[in-house]
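Q: Chains as they are written, first to last, in our numbering: chain A, 1 to 320; chain B, 321 to 640.
The beta carbon of each residue, even a glycine, is placed where N, CA and C say it ideally should be.
Quick one: structure below, then a few questions.
2 protein chains.
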Amino acid sequence: MIVTKLTEAFGLRHPIVLAPMGGVAGGRIAAAVANAGGLGLIGGGYGDREWVARELAIVKDATRGPWGIGFITWSMRREVLDLALAQRPRAVMLSFGDPRPHARAIKDAGCTLICQAQGEEEARLAQEAGADLVVAQGTEGGGHGGSRSTLPLVPAVVDWVAPTPVIAAGGIVDGRGLAAALMLGAEGALIGTRFCASDEALGRERQKARLVAARGSDTARTRVFDIVRGYDWPAPYTGRALRNRFTAQWNGREHALAEALDVEQARYRTAADEDDYETALVWAGEGVDLVRSIEPAATLVARIAAEAEARLREGVRHVR
Amino acid sequence: MIVTKLTEAFGLRHPIVLAPMGGVAGGRIAAAVANAGGLGLIGGGYGDREWVARELAIVKDATRGPWGIGFITWSMRREVLDLALAQRPRAVMLSFGDPRPHARAIKDAGCTLICQAQGEEEARLAQEAGADLVVAQGTEGGGHGGSRSTLPLVPAVVDWVAPTPVIAAGGIVDGRGLAAALMLGAEGALIGTRFCASDEALGRERQKARLVAARGSDTARTRVFDIVRGYDWPAPYTGRALRNRFTAQWNGREHALAEALDVEQARYRTAADEDDYETALVWAGEGVDLVRSIEPAATLVARIAAEAEARLREGVRHVR
Numbered sequence: 001m002i003v004t005k006l007t008e009a010f011g012l013r014h015p016i017v018l019a020p021m022g023g024v025a026g027g028r029i030a031a032a033v034a035n036a037g038g039l040g041l042i043g044g045g046y047g048d049r050e051w052v053a054r055e056l057a058i059v060k061d062a063t064r065g066p067w068g069i070g071f072i073t074w075s076m077r078r079e080v081l082d083l084a085l086a087q088r089p090r091a092v093m094l095s096f097g098d099p100r101p102h103a104r105a106i107k108d109a110g111c112t113l114i115c116q117a118q119g120e121e122e123a124r125l126a127q128e129a130g131a132d133l134v135v136a137q138g139t140e141g142g143g144h145g146g147s148r149s150t151l152p153l154v155p156a157v158v159d160w161v162a163p164t165p166v167i168a169a170g171g172i173v174d175g176r177g178l179a180a181a182l183m184l185g186a187e188g189a190l191i192g193t194r195f196c197a198s199d200e201a202l203g204r205e206r207q208k209a210r211l212v213a214a215r216g217s218d219t220a221r222t223r224v225f226d227i228v229r230g231y232d233w234p235a236p237y238t239g240r241a242l243r244n245r246f247t248a249q250w251n252g253r254e255h256a257l258a259e260a261l262d263v264e265q266a267r268y269r270t271a272a273d274e275d276d277y278e279t280a281l282v283w284a285g286e287g288v289d290l291v292r293s294i295e296p297a298a299t300l301v302a303r304i305a306a307e308a309e310a311r312l313r314e315g316v317r318h319v320r
Numbered sequence: 321m322i323v324t325k326l327t328e329a330f331g332l333r334h335p336i337v338l339a340p341m342g343g344v345a346g347g348r349i350a351a352a353v354a355n356a357g358g359l360g361l362i363g364g365g366y367g368d369r370e371w372v373a374r375e376l377a378i379v380k381d382a383t384r385g386p387w388g389i390g391f392i393t394w395s396m397r398r399e400v401l402d403l404a405l406a407q408r409p410r411a412v413m414l415s416f417g418d419p420r421p422h423a424r425a426i427k428d429a430g431c432t433l434i435c436q437a438q439g440e441e442e443a444r445l446a447q448e449a450g451a452d453l454v455v456a457q458g459t460e461g462g463g464h465g466g467s468r469s470t471l472p473l474v475p476a477v478v479d480w481v482a483p484t485p486v487i488a489a490g491g492i493v494d495g496r497g498l499a500a501a502l503m504l505g506a507e508g509a510l511i512g513t514r515f516c517a518s519d520e521a522l523g524r525e526r527q528k529a530r531l532v533a534a535r536g537s538d539t540a541r542t543r544v545f546d547i548v549r550g551y552d553w554p555a556p557y558t559g560r561a562l563r564n565r566f567t568a569q570w571n572g573r574e575h576a577l578a579e580a581l582d583v584e585q586a587r588y589r590t591a592a593d594e595d596d597y598e599t600a601l602v603w604a605g606e607g608v609d610l611v612r613s614i615e616p617a618a619t620l621v622a623r624i625a626a627e628a629e630a631r632l633r634e635g636v637r638h639v640r
């Protein structure tokens, strides 16, 4: 058992948070992580009302442990936030956009406000919103993020937002990464890609198989999947995904893609329906080098925590 | 005192290596780091014979501690390597290029061979060369490097090259970063940018002042300084430097820069001579957020080591 401000805040057994991956972190895996002693965050994503309502029902049915929900701030409608708050999540996490207009509603609901920061600007907004916890997210992470790397970003965010506790994200997949996050001054780790390759994650089996086969060097940050799917992401954010024929064709030619959208959107949708991941996207973080199996989420939580404990115990033995 | 395979290999008091920064890590700072209990590596860079001979004489005169020298492999001529080996360095570090043709000469001289890896390919070449130590260098680092980030890269390299010991590099500037590196499975940290902002580093005072004033978000990877300086770097490597008017003008327009080289080269040289860092380059890693002072190298070594020891001691207290 590792005790930090994060575990104390939620009564966790392990300082591990399931990243609220849109469409992937549903109620089932959020409950599995919560039941295993971590904090399970549902991936509310762009805020699809039906999806959110369904997954909220699933998590409430499957756990009495601590769970919450994350949203993409610039896309979230208030009615979907209210729908979530009515289910009494322990935490709401806001990423990518100004959290300040929503902070009051979240805190008034008795909910812990977690804000994600990719750099100095987001850290400042998190503080102004009165965030209870700040996630410092490095560019290594799969899916949407910024351009700063986890190892130097985390201590910088810790200093900027002190005394607000910080959670490290981006590139953390095993106990070595979790122990490193704690040394950097974080109170725990938010983990995405590793939980994608779990039994309980939503997502197609062939996507999970691609993750297990991939190397970190197969991943890259790109805008082309946002463009072809019709999402108007604000400028500083890109998504880290496995490179494929689609990224090879369109990276660096984003304007041409936008002009060919009618044809390409139809082609993309067909590919996604047909599990063709040479065109369709598989989000993946750089840490995918260390993802070599699909396992139950509870097994992953237990192993990551045990490895981190062992590392922390060994670490002090180096000091003479 | 932190004991690892790195400290045992060289008889160090601290698992800290001065990055062999070309033109910056001269004999004086290499000696200062060695005298403070770390490993001091002179930055042999492209292999300028006169510079190398002078700095070798300085380090030999100033320390009996462990020192070595690093070279840019693709640029290094054998006669300069032989010149260095004749001075009996404890280590030679090879970066950026195939180390295999030089490994025998280095090992036959009784020297420890350190190879730097930015990813899987370089890790494989390091193993084939029989490297005694492998530096896993993340994209966070200042100066030349690759595209992978330190936190997920280090454990991946540890697994790839096991049982060869690994040193972490890129984004490490304080004891938090060093302690994190050890948790990731590294045996120590190779530190550059933090030592740039030291009394003993070569380089202009205004460059050092720029480092102290800069933010991590002011840095970016670029090729334009290599192009304008006439260095023909192999494709995967770029340099992380402070962004300025020159990068704003030419990033993304590298072909145009190559065509305007006569004019731009003259302009660049004048700017460098005149300490004009809106045109001339200042190498800087992302960790520069945490660099807020110019201090003696020995002070930095002692503080980083003491912070790391404190972190490692605190870390185990989190385990219940």
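Counting along the chain, where does the beta strand (DSSP E) carrying tryptophan 387 of chain B start and finish?
A: Note, tryptophan 387 of chain B: beta strand (DSSP E), 387 to 392.
Q: Quick check: the Cα distance between aspartate 428 of chain B and valine 288 of chain A, rounded to an integer number of angstroms?
A: So the alpha carbons of these two residues sit roughly 39 Å apart.
Q: Hey, does histidine 334 of chain B have any beta-carbon neighbour from chain A nearer than 7 Å?
A: No, no contact with chain A.
Q: Suppose contacts are defined by Cβ-Cβ distances below 7 Å. Is glutamate 598 of chain B in contact with asparagine 564 of chain B by that definition?
A: Taking 7 Å as the Cβ cut-off, glutamate 598 of chain B and asparagine 564 of chain B qualify as a contacting pair.
Q: Looking only at C-alpha atoms, which of B/Val481, B/Leu522, B/Arg408 and B/Pro386 sits nearest to alanine 354 of chain B?
A: Checked all of B/Val481, B/Leu522, B/Arg408 and B/Pro386; the closest Cα to alanine 354 of chain B is B/Pro386.
Q: Excluding the five sequence neighbours on either side, which residues of its own chain have a C-beta within less than 7 Å of the C-beta of alanine 36 of chain A, listed in chain order?
A: Correct list, in chain order: Ala297, Ala298, Val301 and Ala302.
Q: Please identify, using Cβ separations under 8 Å, the residues of the segment 162 to 190 of chain A that lie next to chain B, in order along the chain.
A: Cβ contacts with chain B come from Gly170, Gly171, Ile172, Val173, Asp174, Arg176, Gly177, Ala179, Ala180, Ala181, Leu182, Met183, Leu184 and Gly185.
Q: Applying the criterion that 16 or more other CB atoms from any shown protein chain within 10 Å of the CB defines a buried residue, is proline 165 of chain A buried or exposed?
A: Counting Cβ neighbours within 10 Å, proline 165 of chain A comes out buried, since at least 16 surround it.
Q: Check whether the Cβ atoms of leucine 190 of chain A and isoleucine 227 of chain A lie closer than 7 Å to each other.
A: Not closer than 7 Å, so no.
Q: Please return the same chain residues whose Cβ sits closer than 8 Å to the Cβ of glycine 465 of chain B, not counting the five positions on each side in sequence.
A: Counting only Cβ-Cβ distances below 8 Å, and skipping sequence neighbours, we find Gln438, Gln457, Gly458, Thr459, Gly490, Arg541, Tyr557, Thr558, Gly559 and Arg560.
Q: Quick check: what's the CA-CA separation for glycine 68 of chain A versus glutamate 629 of chain B?
A: If you take the alpha carbons of glycine 68 of chain A and glutamate 629 of chain B, they lie about 36 Å apart.
Q: With H, G and I counted as helix, E and B as strand and the rest as coil, what does DSSP make of glycine 249 of chain A?
A: Note that residue 249 of chain A is glutamine in the sequence shown, not glycine. Helix at glutamine 249 of chain A.
Q: What does a CB cutoff of less than 8 Å around leucine 151 of chain A pick up in its chain, not counting 5 residues either side in sequence?
A: Correct list, in chain order: Gly138, Ala180 and Leu184.
Q: Please state whether DSSP places glutamine 447 of chain B in a helix, a strand or coil.
A: In the structure shown, glutamine 447 of chain B sits in a helix (DSSP, three-state: H, G or I).
Q: Beta-carbon of isoleucine 2 of chain A versus every beta-carbon of chain B: anything under 7 Å?
A: True, the Cβ-Cβ gap to chain B drops below 7 Å.
Q: Does the CB of arginine 633 of chain B have a neighbour CB from chain A at under 7 Å?
A: Yes, arginine 633 of chain B counts as interfacial toward chain A.
Q: Mind pulling the chain A residues with CB within less than 7 Å of alanine 476 of chain B?
A: Simply Gly216, Asp289 and Leu290.
Q: Per DSSP, which one or two residues make a beta bridge with leucine 404 of chain A?
A: An answer regarding residue 404 of chain A cannot be provided, because it is not within the stretch 1 to 320 covered by chain A.
Q: Could you check what DSSP says for arginine 292 of chain A in three-state terms: helix, strand or coil?
A: Reduced to three states, the DSSP call for arginine 292 of chain A is coil.
Q: How is the alpha helix (DSSP H) around glutamate 376 of chain B delimited, first residue to last?
A: Checking the sequence, you will find leucine at residue 376 of chain B rather than glutamate. It spans 369 to 382 - the alpha helix (DSSP H) in which leucine 376 of chain B sits, taken as one unbroken run.
Q: Threshold first: 4 residues or longer. Then list the alpha helix (DSSP H) segments lying entirely within the segment 541 to 587 of chain B, N to C.
A: List check, alpha helix (DSSP H) in window: 544 to 549, 565 to 570 and 574 to 579.
Q: Below 7 Å between beta carbons: does that hold for alanine 352 of chain B and isoleucine 362 of chain B?
A: Result no, Cβ atoms of alanine 352 of chain B and isoleucine 362 of chain B do not sit closer than 7 Å.
Q: So, with DSSP's three-state summary, where would you put leucine 81 of chain A?
A: Note: leucine 81 of chain A maps to helix in three-state DSSP.
Q: Can you find a CB in chain B that lies within less than 7 Å of the CB of histidine 318 of chain A?
A: Answer yes: the Cβ-Cβ gap between histidine 318 of chain A and chain B drops below 7 Å somewhere.
Q: Go ahead and label proline 99 of chain A buried or exposed: buried means 16 or more other beta carbons lie within 10 angstroms of its beta carbon, across all protein chains shown.
A: Proline 99 of chain A is buried by the Cβ-count criterion.
Q: Would you say proline 99 of chain A reaches chain B, if we count a Cβ-Cβ gap shorter than 7 Å as a contact?
A: No, proline 99 of chain A lies away from the interface with chain B (no Cβ there is under 7 Å from its Cβ).
Q: Distance cutoff 7 Å, beta carbons only. Does threonine 439 of chain B sit that close to anything in chain A?
A: Sequence check: residue 439 of chain B is glycine here, not threonine. It does: the Cβ of glycine 439 of chain B has a partner Cβ on chain A nearer than 7 Å.
Q: Taking DSSP as the reference, what is the three-state secondary structure of valine 2 of chain A?
A: Contrary to the premise, residue 2 of chain A reads as isoleucine rather than valine in this sequence. If DSSP states are grouped into helix, strand and coil, isoleucine 2 of chain A belongs with the strands.
Q: With a Cβ-Cβ cutoff of 7 Å, do isoleucine 392 of chain B and glycine 360 of chain B count as a contact?
A: No; because the gap between Cβ atoms is not below 7 Å, this pair is not in contact.
Q: Measure from the alpha carbon of alanine 162 of chain A to the alpha carbon of each residue in A/Gly143, A/Arg176, A/Val173 and A/Glu187, then state which is nearest.
A: Checked all of A/Gly143, A/Arg176, A/Val173 and A/Glu187; the closest Cα to alanine 162 of chain A is A/Glu187.
Q: With which residues is glycine 43 of chain A paired in a DSSP beta bridge?
A: Answer is A/Gly70.
Q: Going by C-alpha to C-alpha distance, which of B/Glu440, B/Ala592, B/Ile624 and B/Arg589 sits closest to alanine 476 of chain B?
A: Closest option to alanine 476 of chain B, Cα to Cα, is B/Glu440.
Q: Taking the C-alpha atoms as reference points, what is the distance between valine 24 of chain A and alanine 423 of chain B?
A: Each residue's Cα considered, the two are about 48 Å apart.
Q: Whose C-beta lies closer than 8 Å to the C-beta of leucine 405 of chain B among residues of the same chain, with five residues either side of it excluded?
A: Answer for leucine 405 of chain B: Val412, Ala425, Ile426, Ala429 and Cys431, listed in chain order.
Q: With a threshold of 6 Å on Cβ separation, who are the neighbours of tryptophan 160 of chain A within its own chain once the five nearest residues in sequence on each side are excluded?
A: Same-chain partners within the cutoff: Ala123.
Q: Within the continuous alpha helix (DSSP H) that includes leucine 182 of chain A, where are the two ends?
A: Note, leucine 182 of chain A: alpha helix (DSSP H), 175 to 183.
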